[in-house]
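Numbering (our numbering), first residue to last: -5 to 415.
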């Protein structure tokens, strides 16, 4: 029988306020990956862990671990965690909510005098938002799990032009640990990993439900540097049949893929298709027919077969538009990621915890990528818990009601306690 545990949400609220105060950039929140903002946030969590009497260590990649010791120190531990970095001028809750939920849970256990049977550890992960700073994904979690390739250390930060390895060394960490293929977390030593995170879309708010239990993190197929080559010409002097308009050709493709998405939606397939960039080049201007247009395409789904089907439509439409409009598409290199289903047992445990507490929940797929994907792909039983969020994410208006956060903390705390019993 578990004792009456309640998370220390007041502590988390004070920490949110301190993070905001120390990382507000005049517009939003900026905590640079492997930079001063992230360094500040990790130092604050270390200071908080020390005040709570939690064991702490930092791995060679820079991840921070705060542990409430279990009775059996050799047993597989329970990990709760997320990241503390942010995009430039983002919000205060993306990532940080997961770390502070874990701290609130452990603080409540400490206050109740609860001793778990196995270790429960909060992990503050480095650089989940690496894509906003470095062209790579999850270097903190993948670095800890031994899943990073050595060549990824040479990617350059978008603002400084210096390598990931250089930034890691500047922060006092050891990129050679990654280069040697070592790991700080052995999958066989982890009973479960749970990441609490704000939902980055409108579903929970629209449904009026405080928390979501995540079924999976989508995979993707992406084009980051695609373009359409047409022919520059005079906008007044060139009849329609002589035009090779790159912008209109690209618009044709965008409409065709949106219609294909609509058909997938009607079949009940959960996916998204986004033209993140859809633009003419700087040479374009008034009185010119665009001779070149550029685009970035991001297609995501938990079911990668749906992404494949969309790319089949893409290639079919590209050939058709090229023939009809006299243009040429250059799609460039494709990137992507595998889908990461969340563990069925962890999902069941989260449902049981929410039901025991009388907290309504919604079962849903994630739209964005998260560190949880790295843990799932490493073979660790992994789950995610979403918190209702207002105004989306990756923007200064990002919102989260503390009463919703409190309910997510309670579910996470009960899950961790039951898993560690």
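All C-beta atoms in this analysis are idealised placements derived from N, C-alpha and C, irrespective of residue type, glycine included.
Computed from a predicted structure; not experimentally measured.
When DSSP builds the beta bridges, which residues end up paired with residue 384? The sequence position of residue 384 within the chain shown is 390, counting from 1. Under DSSP, residue 384 takes part in a beta bridge, and its partners are 393.
Between residue 283 and residue 228, what straight-line distance do the alpha-carbon atoms span, to the nearest angstrom? Taking the chain shown and counting its residues from 1, one reaches residue 283 at position 289. Taking the chain shown and counting its residues from 1, one reaches residue 228 at position 234. The C-alpha of residue 283 lies about 6 Å from the C-alpha of residue 228.
Expected contact under 8 Å - CB spacing of residue 149 and residue 400 to nearest Å: Stepping through the chain shown from its first residue, residue 149 is reached at position 155. Stepping through the chain shown from its first residue, residue 400 is reached at position 406. So it is not a contact: roughly 39 Å between Cβ atoms.
Residue 39 lies in the alpha helix (DSSP H); which residues open and close that run? By one-based count along the chain shown, residue 39 stands at place 45. Where residue 39 is concerned, the enclosing alpha helix (DSSP H) starts and stops at 30 to 46.
When you compare only the Cα positions, how much space is there between residue 62 and residue 411? For this step, residue 62 is matched to residue 68 along the chain shown. For this step, residue 411 is matched to residue 417 along the chain shown. Residue 411 has its alpha-carbon roughly 11 Å from the corresponding atom of residue 62.
Would you kindly work out how many angstroms separate the C-alpha atoms of residue 79 and residue 230, rounded to a whole number? Numbered from its first residue, the chain shown carries residue 79 at position 85. Numbered from its first residue, the chain shown carries residue 230 at position 236. For residue 79 and residue 230, the distance between alpha carbons rounds to 51 Å.
For residue 204 and residue 34, what's the separation of their Cα atoms in angstroms? Mapped onto the chain shown, residue 204 falls at position 210. Mapped onto the chain shown, residue 34 falls at position 40. Those two C-alpha atoms are separated by around 30 Å.
Would a C-beta distance cut-off of 9 Å place residue 299 and residue 201 closer than the cut-off? Counted from its first residue, the chain shown places residue 299 at position 305. Counted from its first residue, the chain shown places residue 201 at position 207. Contact flag unset, no.
For residue 344, which residues of its own chain have a beta-carbon under 7 Å away from its beta-carbon, when the five flanking residues on both sides are left out? The residue labelled residue 344 in the question sits at position 350 within the chain shown. Counting only Cβ-Cβ distances below 7 Å, and skipping sequence neighbours, we find 207, 377, 379, 405 and 409.
Span of the alpha helix (DSSP H) holding residue 345? One-based indexing of the chain shown puts residue 345 at position 351. DSSP places residue 345 in the uninterrupted alpha helix (DSSP H) bounded by 338 to 351.
What first and last residue would you give for the beta strand (DSSP E) that runs through residue 265? Taking the chain shown and counting its residues from 1, one reaches residue 265 at position 271. Residue range 265 to 274 is occupied by the beta strand (DSSP E) that includes residue 265.
Short check: CB of residue 210 to CB of residue 56, under 9 Å? Along the chain shown, read from residue 1 onward, the residue named residue 210 stands at position 216. Along the chain shown, read from residue 1 onward, the residue named residue 56 stands at position 62. Cβ atoms of residue 210 and residue 56: not closer than 9 Å.
Between which two residues does the beta strand (DSSP E) holding residue 142 run? Against the chain shown, residue 142 aligns to sequence position 148. Counting along the chain, residue 142 sits inside no beta strand (DSSP E), nor does DSSP assign it H or E at all.
Given this structure, state the Cα-to-Cα distance separating residue 169 from residue 163, to the nearest angstrom. Here residue 169 corresponds to residue number 175 of the chain shown, with the count starting at 1. Here residue 163 corresponds to residue number 169 of the chain shown, with the count starting at 1. One C-alpha to the other measures close to 7 Å.
Uninterrupted alpha helix (DSSP H) stretches inside the region 62 to 114 (no shorter than 4 residues): Counting only runs of 4 or more, we get 90 to 106.
Where does the unbroken alpha helix (DSSP H) through residue 12 begin, and where does it stop? Reading the chain shown from its first residue, position 18 is the one you call residue 12. Here the alpha helix (DSSP H) through residue 12 covers 3 to 17.
Can you confirm whether the region 78 to 97 touches the region 137 to 146 when touching is taken to mean that 3 or more C-beta pairs between the two stretches lie within less than 8 Å? As far as the Cβ criterion goes, the region 137 to 146 does not touch the region 78 to 97, which means the pair count is below three.
Counting only runs of 4+ residues fully inside the region 140 to 185, write out the alpha helix (DSSP H) ranges in chain order. The region 140 to 185 contains these whole alpha helix (DSSP H) runs: 158 to 164 and 169 to 173.
Would you say residue 58 lies against chain D (beta-carbon separation less than 9 Å)? Chain labels in this structure do not include chain D; a single protein chain is all it has.
For residue 40 and residue 50, which I take to be in contact (beta-carbon distance under 8 Å), what is that distance rounded to the nearest angstrom? Working through the chain shown from its first residue, we reach residue 40 at position 46. Working through the chain shown from its first residue, we reach residue 50 at position 56. About 6 Å separates the Cβ atoms of residue 40 and residue 50, confirming a contact at the 8 Å cut-off.
Where the alpha helix (DSSP H) through residue 135 begins and ends: Locating residue 135 in the chain shown gives position 141, counting from the first residue. Unbroken alpha helix (DSSP H) run through residue 135: 133 to 138.
Could you check if residue 267 is buried or exposed, using at least 16 other CB atoms within 10 Å of its CB as the buried criterion? Within the chain shown, the letter at position 273 stands for residue 267. Counting the other CB atoms within 10 Å of its CB gives residue 267 a total of 16 or more, which places it among the buried residues.
Where residue 195 and residue 383 are concerned, what is the direct C-alpha to C-alpha distance, given to the nearest angstrom? The residue labelled residue 195 in the question sits at position 201 within the chain shown. The residue labelled residue 383 in the question sits at position 389 within the chain shown. A direct Cα-to-Cα measurement between residue 195 and residue 383 gives close to 8 Å.
Just curious, the alpha helix (DSSP H) that residue 239 is in, first and last residue? Residue 239 sits at position 245 when you count from the first residue of the chain shown. Premise fails: residue 239 is in no alpha helix (DSSP H) and is neither H nor E.
Which word fits residue 259, buried or exposed, when buried means at least 16 other C-beta atoms lie within 10 angstroms of its C-beta? The residue labelled residue 259 in the question sits at position 265 within the chain shown. By the 10 Å Cβ count, residue 259 comes out exposed.
Please classify residue 235 as buried or exposed, where buried requires at least 16 neighbouring CB atoms within 10 angstroms. The residue labelled residue 235 in the question sits at position 241 within the chain shown. So residue 235 ends up on the exposed side.
Using DSSP bridges, identify the partner residues of residue 376. As a position in the chain shown, residue 376 is number 382, starting the count at 1. Residue 376 is bridged to 187.
I'd like the list of long-range same chain contacts for residue 414, defined as Cβ closer than 7 Å, with 5 residues on each side in sequence excluded. Indexing the chain shown from 1 puts residue 414 at position 420. Closer than 7 Å at the Cβ level, and outside the excluded window around residue 414, lie 64, 72, 110, 111, 112 and 114.
Nearest to residue 315 (by Cα), restricted to the options 157, 251 and 10: Along the chain shown, one-based indexing puts residue 315 at 321. Nearest C-alpha to residue 315: 251.
Exposure label - residue 358; buried when at least 16 CB within 10 Å: Within the chain shown, residue 358 is the residue found at index 364, counting from 1. By the neighbour-count rule (16 or more Cβ atoms within 10 Å), residue 358 is buried.
Nearest CA to the CA of residue -4: which residue from 106, 85 and 308? For this step, residue -4 is matched to residue 2 along the chain shown. Nearest option by C-alpha distance: 106.
Do residue 213 and residue 332 have their CB atoms nearer than 9 Å? The sequence position of residue 213 within the chain shown is 219, counting from 1. The sequence position of residue 332 within the chain shown is 338, counting from 1. Yes, the Cβ-Cβ distance between residue 213 and residue 332 is below 9 Å.
Reduced DSSP secondary structure (H/G/I, E/B, other) of residue 194: In the chain shown, residue 194 corresponds to position 200, counting from 1. Residue 194 falls in the coil class under three-state DSSP.
Is residue 328 helix, strand or coil when you go by DSSP? As a first step, residue 328 must be located in the chain shown, where it is residue number 334. If DSSP states are grouped into helix, strand and coil, residue 328 belongs with the strands.
Limits of the unbroken beta strand (DSSP E) element including residue 288: Position 294 of the chain shown, counting from 1, holds the residue named residue 288. From DSSP, the beta strand (DSSP E) with residue 288 extends over 286 to 295.
Would you say residue 244 and residue 217 are within 9 Å of each other, going by their C-beta atoms? Within the chain shown, numbered from 1, the residue matching residue 244 stands at position 250. Within the chain shown, numbered from 1, the residue matching residue 217 stands at position 223. For the pair residue 244 and residue 217, the CB atoms are not nearer than the 9 Å cut-off.
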